[in-house]
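Trainee: After the structure tokens below, expect a handful of questions from me.
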Amino acid sequence: MKIIAGTRKGKQLFSVPKTKTSVKPISSRIRQSVFDMIRPWLTGSLFLDLYAGTGASGLEALSRGAQKAVFVEMDRFCVKVIERNVAHLGFAEQAVVVRGNVLSGLEWLKYHSHEGFDLVFMGPPYRDEEGLPLHYTSKTLELAAAGNILTPGGFIVAQHHKKEPVAAPPGYELYRQVKYGDTLVSFVRKDKNAS
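The opening position of the sequence shown corresponds to residue 90 in our numbering, with each subsequent residue numbered one higher.
Take a look at the structure:
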């Protein structure tokens, strides 16, 4: 797994063992496509990587010009991998790695960005260790809305299984979806027509 573009293009990332079945890293193909779509909003942005796994998405954002990235991951081993990747790529001054449970609420993220985040990427695990679907995406979107973590023009990019039903919380809109095999990438923002 490598950084695709930007100042760290081609740099190798440390990854997690394939035995960690709850971690589904974003594929290079999807990462390339998504980051090409969000390129106009990256430079100088505050980027949030939820369910960060190896940190590939947040590190790609930093390589492509994000001002700061906050990585949130619950698994201790993954947190260590993210920290190694941050150090390896020389982003220690621009990165904050937090061990935390996304599903316990997101209001505390205001501590890391009082104004909110311009771009949020989330790739929750698709299945548990028994192979049962988890369906965390809509719940995480609700928590993001409750925590008011987006800047006025910000948006959320959610990677999830194509069979997982995803709904935008009240006051938000699901405005785009792109399919990649068994994966859907959903784009959610505050509803411009909401009062």
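A virtual CB, placed ideally from N, CA and C, is assigned to each residue, including glycine.
Leaving out five residues on either side along the sequence, give the residues of the same chain with a beta carbon under 6 Å from the beta carbon of residue 103.
Mentor: 170, 173, 174
Trainee: Taking three-plus beta-carbon pairs below 8 Å as touching, is the stretch 200-219 in contact with the stretch 231-243?
Mentor: Yes, they touch.
Trainee: At what residues does the beta strand (DSSP E) containing residue 211 begin and finish?
Mentor: 206-211
Trainee: Express the C-alpha separation of residue 192 and residue 228 in angstroms, rounding to a whole number.
Mentor: 8 Å
Trainee: Is it the case that the Cβ atoms of residue 115 and residue 248 are separated by a distance below 8 Å?
Mentor: yes
Trainee: Just to confirm before moving on: does the CB-CB distance between residue 279 and residue 261 stay below 8 Å?
Mentor: Taking 8 Å as the Cβ cut-off, residue 279 and residue 261 qualify as a contacting pair.
Trainee: How big is the Cα-Cα spacing for residue 101 and residue 90?
Mentor: Going from the Cα of residue 101 to the Cα of residue 90 covers about 6 Å.
Trainee: Thinking C-alpha only, which one of 118, 124, 256, 155 is nearest residue 270?
Mentor: With distances taken between Cα atoms, residue 270 lies closest to 118.
Trainee: Is the stretch 118-130 touching the stretch 193-205, taking contact as three or more C-beta pairs under 8 Å?
Mentor: Segments in contact, no.
Trainee: For residue 165, count neighbouring Cβ atoms within 10 angstroms of its own Cβ and tell me buried if that reaches 16, exposed if not.
Mentor: Classification of residue 165: exposed, given that the 10 Å Cβ count is below 16.
Trainee: Along the chain, where does the alpha helix (DSSP H) that runs through residue 118 open and close?
Mentor: 117-131
Trainee: Could you please give the first and the last residue of the uninterrupted beta strand (DSSP E) stretch that includes residue 275?
Mentor: For residue 275, the enclosing beta strand (DSSP E) starts and ends at 272-279.
Trainee: So, is residue 138 buried or exposed, given that buried needs 16 or more other C-beta atoms within 10 angstroms?
Mentor: buried
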